[in-house]
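In my numbering, the protein residues as written are 1 to 233.
C-beta: ideal position from N, C-alpha, C; glycine also.
Here the structure is a predicted model, which means the values were calculated and not measured.
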């Protein structure tokens, strides 16, 4: 009991703290000493991605061979400054201006070929000018050509839809096959060269996407009836 009385006496005799804002104001403290005046720093956001300059435009006239055929044109802009070899390869295969392939002997031309691999909400793939099944293909340079545009400042991220990319079998195996992504596919960054983007015809890309299967082969044939380059003249 004696010890309890001593503890109570010490507590009652201790000076009171004046840490609260109200007590500081009552004591004559300035408001600036109590309220922080520095603005909260907003987190820095990444600037919106700017796509490379479109240097060439081409088109693919496509037919989906359902009971009632669906036709439409896909217009594509090509990034000639960031992926010059892939751009020239695709432009020429659309324009059909390089004759026959040195290896396959087949026309270096997308006209008459098909989209052989269509996976809904992922991609539509075509451009096998040799066998039309994904096994073949040939670039205008003869066989395969090397990757480009993987440098940090040049790489186009695949977190956007309707980009046009080289299909390959690994590094530096670009030929005539290509795909258009119908979903974000960031895991393919630095694995597939992005050399263009769809400018118009998104509706026909979506129609093509709709006849795909999880395994890849489409439910109906999807043919490129015609292709070419769009010039200003």
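Practice task
Entirely within the stretch 72-100 and at least 3 residues each: give me those beta strand (DSSP E) ranges in chain order.
Solution key: The stretch 72-100 contains no whole beta strand (DSSP E) run of 3 or more residues.
Problem - Residues near residue 119 by beta carbon distance below 7 Å, same chain, minus five either side - result: Only 212, 214, 216 meet the Cβ criterion.
Problem - First through last residue of the beta strand (DSSP E) which encompasses residue 204 - result: In the DSSP assignment, residue 204 falls outside any beta strand (DSSP E) and lies within the alpha helix (DSSP H) extending over 202-210.
Practice task
Give the straight-line distance between the Cα atoms of residue 77 and residue 165, rounded to the nearest whole angstrom.
Solution key: Rounded to whole angstroms, residue 77 to residue 165 spans 12 Å at the Cα level.
Problem - Backbone CA spacing between residue 161 and residue 173 [nearest angstrom] - result: Rounded to the nearest angstrom, the gap between the Cα atoms of residue 161 and residue 173 is 23 Å.
Handout entry: Beta-carbon gap between residue 49 and residue 75 smaller than 7 Å
Key = It is not a contact, given that the beta carbons lie outside the stated cut-off.
Exercise for the section: For residue 218, collect the residues of the same chain with a Cβ closer than 7 Å to its Cβ; drop the 5 residues on either side in sequence, then sort them by chain order. Expected result: Excluding five sequence positions before and after residue 218, the CB atoms of its chain that fall closer than 7 Å to its own CB belong to 115, 118, 211, 212, given in chain order.
Practice task
Report all residues from its chain with a CB closer than 8 Å to the CB of residue 207; omit the five preceding and five following residues, and keep chain order.
Solution key: The residues are 64, 70, 72.
Exercise for the section: Could you have a look at residue 227 and say whether DSSP puts it in helix, strand or coil? Expected result: Residue 227: strand per DSSP, three-state reduction.
Handout entry: residue 188 (DSSP reduced to helix, strand or coil)
Key = Note: residue 188 maps to helix in three-state DSSP.
Practice task
Can you say whether residue 138 is buried or exposed, counting buried as having 16 or more other CB atoms within 10 angstroms of its CB?
Solution key: Buried is the label assigned to residue 138, since at least 16 other Cβ atoms lie within 10 Å of its Cβ.
Practice task
Please go through the same chain and pick out, in chain order, the residues whose beta-carbon is closer than 8 Å to the beta-carbon of residue 150, but skip the five residues on each side of it.
Solution key: The residues 190, 193, in chain order, have a CB closer than 8 Å to that of residue 150 in the same chain once the five nearest residues on each side in sequence are set aside.
Problem - As assigned by DSSP and simplified to three states, the class of residue 193 - result: Residue 193 falls in the coil class under three-state DSSP.
Exercise for the section: Would you grab the beta carbon distance between residue 61 and residue 229 for me? Rounded to a whole angstrom, and I think it's under 8 Å. Expected result: Contact doesn't hold; Cβ gap of about 13 Å is too wide.
Handout entry: Residue environment, residue 182, which counts as buried when at least 16 other CB atoms sit within 10 Å
Key = Buried, by the Cβ-count rule.
Exercise for the section: Look at the alpha carbon of residue 130 and the alpha carbon of residue 107, and state the distance between them as a whole number of angstroms. Expected result: Their backbone Cα atoms lie some 9 Å apart in a straight line.
Handout entry: For residue 49, the three-state DSSP class (helix, strand or coil)
Key = Three-state DSSP puts residue 49 in coil, outside helix and strand.
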